[in-house]
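The sequence shown begins at 338 in our numbering and counts up one residue at a time.
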Amino acid sequence: MPRVYAHHQRLDSEGVLELRREGGRFLKNLREARGLSQRQLAALVGAEYYTFISQLETGRGRIPPDRYRAWAAALEVPARDLVRDLMRFYDPLTHEILFADAEPAPPADG
């Protein structure tokens, strides 16, 4: 069986942690703009515990890729746009390669 290479960014890197925090603020702004509580959003995206939303919004986690469409629907944004914007925070190197000539992702603070 061929080996699959997976490179994960080091979570102890301050730069990665700051990007996760910015991504969390970005998600929080989307949630608040939609007028949802963390508990309401958790129900819409199928999260078992609303504290998962808090973890994401403080940069202590990331949305699982298989849940992107549910999050996009709950936040009423196109899934492609949500994933592109999240990629800036979750995988900035890939984002830069794919979108270097495109508009930058919106700032986390609005």
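Virtual Cβ for every residue (Gly too), placed ideally from N, Cα, C.
Keep in mind the model is a prediction, meaning the values are calculated, not measured.
Helix, strand or coil for ASP428 per DSSP?
coil
Thinking GLU394 and LYS365 are a contact (beta carbons under 8 Å), I'd like their distance in whole angstroms, please.
4 Å
Applying the criterion that 16 or more other CB atoms from any shown protein chain within 10 Å of the CB defines a buried residue, is ILE434 buried or exposed?
exposed
Can the beta-carbon of ALA416 be found less than 8 Å from the beta-carbon of VAL382?
no
C-alpha distance - GLY352 paired with ARG358, whole-angstrom precision
Their backbone Cα atoms lie some 10 Å apart in a straight line.
Tell me, to the nearest whole angstrom, how far the beta carbon of TYR405 is from that of GLY360; I am working on the premise that it is less than 8 Å.
Incorrect: roughly 13 Å between the Cβ atoms, too far for contact.
Let me know if GLY372 comes out buried or exposed under the rule of 16 or more other beta-carbons within 10 Å of its beta-carbon.
exposed
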